[in-house]
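**Student:**
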Amino acid sequence: NTIHGNDVSQRTLEDIKEEISSYE
Amino acid sequence: DVAKSIIKLAVYGKAQNRSYERLALLVDTIGPRPSGSKSLEKAIQIMYQNLQQDGLENVHLEPVKVPHWERGVESAVMLEPRFHNMAILGLGSSIGTPPEGITAEVLVVTSFEELQRRAPEARGKIVVYNQPYVNYSTTVQYRVRGAVEAAKVGALASLIRSVTSLSIYSPHTGIQEYQVGVAKIPTACITVEDAEMMSRMASRGTKIVIQLKMGAKNYPEAESYNTVAEIIGSKYPEQVVLVSGHLDSWDVGQGAMDDGGGAFISWEALSLIKDLGLRPKRTLRLVLWTAEEQGGVGAFQYYQLHKEAISNYSLVMESDSGTFLPYGLQFTGSDKARTIMKEVMNLLQPINITRLFRGGEGTDINYWIQAGVPGASLLDDLNKYFSFHHSHGDTMSVMDPKEMNVASAVWAVVSYVVADMEAMLPRS
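Just so you know, the sequences run in chain order U and D. Sequential numbering of the first sequence, starting at 1, is according to the numbering used here. Sequential numbering of the second sequence, starting at 1001, is according to the numbering used here.
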């Protein structure tokens, strides 16, 4: 239900956790 | 090191105390900002200029219609068993009394159930509610429905114990609601102290007579605006993280805590991000709501205007429960989104505010949350908050610059990271 295919299903939670930690 | 940079700038750097000083300038200059008043419209115009001068983007005002109620001159005097001037605050949208006021005997009850049991005694009387304080959301029902329930049993007016867990003889106002088909009677809040005193008097069988005078008036709807400013997204500009607080207040104190603090940490969040030269992938949209106190009136019209784009809203945030030192973030959303938000909160380890609670909510963002958009709000010392809430004590003296620095840092880190992550927060 999102526009640019940047939704979670295409990226694992692990990828997202890694992405977030990069903001540290 | 974006999170650390934001924290450093907000809590230790040159942006320290900025949100507090900006807020103080506005509320010292304008004072309280009730819906429909000239002071609210003046505050909106000032904020419009402030946000432009701050270099934010797409700064604009979205017109809305808002209720316009004025308190007028009001008083309540106990005539029997003794003369006693009572501190009162008429409740929002209440009608006034005739010029000569209403003078009647008092019936004191502690619950709606007791009022029903004693209904025959209520006719022609002023009903005083001395309801015990349970918590705000439960107890506020007496303020909201007190007049209607009293009118149903023939009362002439209602006086409602202020909804607060602490009182130093301070009445607390707020909105109340009439019901179609039920007579409208004047209604005001009284202090905890007077409600308890009258309860003791009544339990001794003492007759109590009060003269109530209220100059309250409801006027036709007024023009107002939701104030909007943005940092436009670099990659998904049509996707939004909404950061908000409300600019209106009740006509008491300075409206500094409710909700000047929430409005100004929301502005501060965007200022911090801009100062660091950051531009997230998604648009960060600041909205300063109007007419929240009448039940999210400005926010409802924003929702109606923008709901077609609901799938583009990754997160809606509102700070409207105080900006004292945050305990953490309240969040409403899917389990997967909650997992992601826990990671986001870990970024705030340097200031030790990493807890994620349930129940993200806000009068102005609940429309979006109920439609499935993830929502977040700050959790802080609610006992302290409701001690000053809707009372003359809601002034800058309640606010703490250091606590606002930390609240701003939390608000900025959360909003920026969610706005810049590649994925939108997943829905339920």
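Ideal Cβ placement from N, Cα and C applies to all residues, glycine included.
Figure out for me which residue from D:VAL1064, D:ILE1030, D:ALA1155 has the closest Cα to the Cα of ILE1046 (chain D).
**Tutor:** D:ILE1030
**Student:** For ALA1412 (chain D), decide whether its Cβ has a neighbour in chain U, counting only Cβ atoms nearer than 8 Å.
**Tutor:** ALA1412 (chain D) does not count as touching chain U.
**Student:** Which residues in the same chain have their Cβ closer than 6 Å to the Cβ of ILE16 (chain U), if we skip the five residues on either side of it in sequence?
**Tutor:** none
**Student:** Measure the C-alpha to C-alpha separation of GLU1121 (chain D) and LEU1115 (chain D) and round it to an integer number of angstroms.
**Tutor:** Roughly 9 Å separates the two Cα atoms.
**Student:** With distances taken between CB atoms, is the gap from GLN1211 (chain D) to LEU1329 (chain D) smaller than 8 Å?
**Tutor:** no
**Student:** Closest Cβ-Cβ distance between LYS1307 (chain D) and chain U: below 8 Å?
**Tutor:** no
**Student:** When burial is assigned at 16 or more other CB atoms within 10 Å of the CB, is PRO1034 (chain D) buried or exposed?
**Tutor:** buried
**Student:** Going along the chain, which unbroken runs of the alpha helix (DSSP H) with 4 or more residues stay wholly within the region 1358-1393 of chain D?
**Tutor:** 1366-1370, 1382-1388
**Student:** Determine, using beta-carbon pairs with one atom in the region 1058-1076 of chain D and one in the region 1292-1311 of chain D, whether at least three such pairs fall under 8 Å.
**Tutor:** yes
**Student:** With a threshold of 8 Å between beta carbons, is GLU14 (chain U) in contact with chain D?
**Tutor:** no
**Student:** Show which residues of chain U have a CB atom less than 9 Å away from the CB atom of ALA1222 (chain D).
**Tutor:** In chain order: nothing, as chain U lies at least about 37 Å away.
**Student:** Please compile the residues from chain U whose C-beta is within a distance smaller than 9 Å of the C-beta of VAL1002 (chain D).
**Tutor:** SER22, TYR23, GLU24
**Student:** Can you check DSSP and say which residues form a bridge with SER1075 (chain D)?
**Tutor:** D:LYS1213
**Student:** Do we get a CB-CB distance below 8 Å when we pair MET1336 (chain D) with the residues of chain U?
**Tutor:** The residue asked about is misnamed: residue 1336 (chain D) is Lys in this sequence, not Met. Yes, its Cβ sits closer than 8 Å to a Cβ of chain U.
**Student:** Please tell me whether GLU1221 (chain D) and VAL1066 (chain D) are closer than 8 Å, where the distance is taken between their beta carbons.
**Tutor:** yes
**Student:** State yes or no: is the C-beta of PRO1326 (chain D) within less than 8 Å of the C-beta of VAL1410 (chain D)?
**Tutor:** yes
**Student:** Once the 5 residues before and after PHE1357 (chain D) are set aside, which same chain residues still bring their CB inside 8 Å of it?
**Tutor:** TYR1327, GLY1328, LEU1329, GLN1330, PHE1331, LEU1379.
**Student:** By the three-class DSSP mapping on this structure, what secondary structure does PRO1034 (chain D) have?
**Tutor:** coil
**Student:** Count the other C-beta atoms from every protein chain shown that fall within 10 angstroms of the C-beta of SER1137 (chain D), then say buried if there are 16 or more, exposed otherwise.
**Tutor:** With fewer than 16 other Cβ atoms within 10 Å, it is exposed.
**Student:** Whole angstroms are fine: how far does the CA of ASP1028 (chain D) sit from the CA of VAL1192 (chain D)?
**Tutor:** The alpha-carbon atoms of VAL1192 (chain D) and ASP1028 (chain D) are separated by roughly 29 Å.
**Student:** Under 8 Å, do VAL1415 (chain D) and VAL1241 (chain D) count as touching if we go by C-beta distance?
**Tutor:** One point to set straight first is that residue 1415 (chain D) is Ser, not Val, in the sequence displayed. In this structure, VAL1241 (chain D) lies closer than 8 Å to SER1415 (chain D) by Cβ.
**Student:** For a contact meaning CB atoms closer than 9 Å, what does THR1339 (chain D) contact in chain U?
**Tutor:** LEU13, ILE16, LYS17
**Student:** Which residues, taken in chain order from the region 1298-1331 of chain D, show a beta carbon closer than 9 Å to some beta carbon of chain U?
**Tutor:** SER1311, ASN1312, SER1314
**Student:** Can you tell me whether DSSP reads PHE1264 (chain D) as helix, strand or coil?
**Tutor:** helix
**Student:** Where does MET1197 (chain D) fall in DSSP's three states?
**Tutor:** Per DSSP, reduced to three states, the secondary structure at MET1197 (chain D) is helical.
**Student:** So if DSSP puts TYR1313 (chain D) in a beta bridge, which residue, or which two residues, is it bridged to?
**Tutor:** D:VAL1240
**Student:** Below 8 Å, can you find three or more Cβ-Cβ pairs linking the region 1380-1391 of chain D to the region 1196-1211 of chain D?
**Tutor:** no
**Student:** If we ignore side chains and look at the alpha-carbon of each, how far apart do LEU1166 (chain D) and ARG1279 (chain D) end up?
**Tutor:** Going from the Cα of LEU1166 (chain D) to the Cα of ARG1279 (chain D) covers about 44 Å.
**Student:** Roughly how many whole angstroms lie between the Cα atoms of HIS1084 (chain D) and ILE1168 (chain D)?
**Tutor:** HIS1084 (chain D) and ILE1168 (chain D): Cα-Cα distance of roughly 17 Å.
**Student:** Give the range of the beta strand (DSSP E) segment to which GLY1146 (chain D) is assigned.
**Tutor:** Careful: GLY1146 (chain D) lies outside any beta strand (DSSP E), inside the alpha helix (DSSP H) at 1136-1152.
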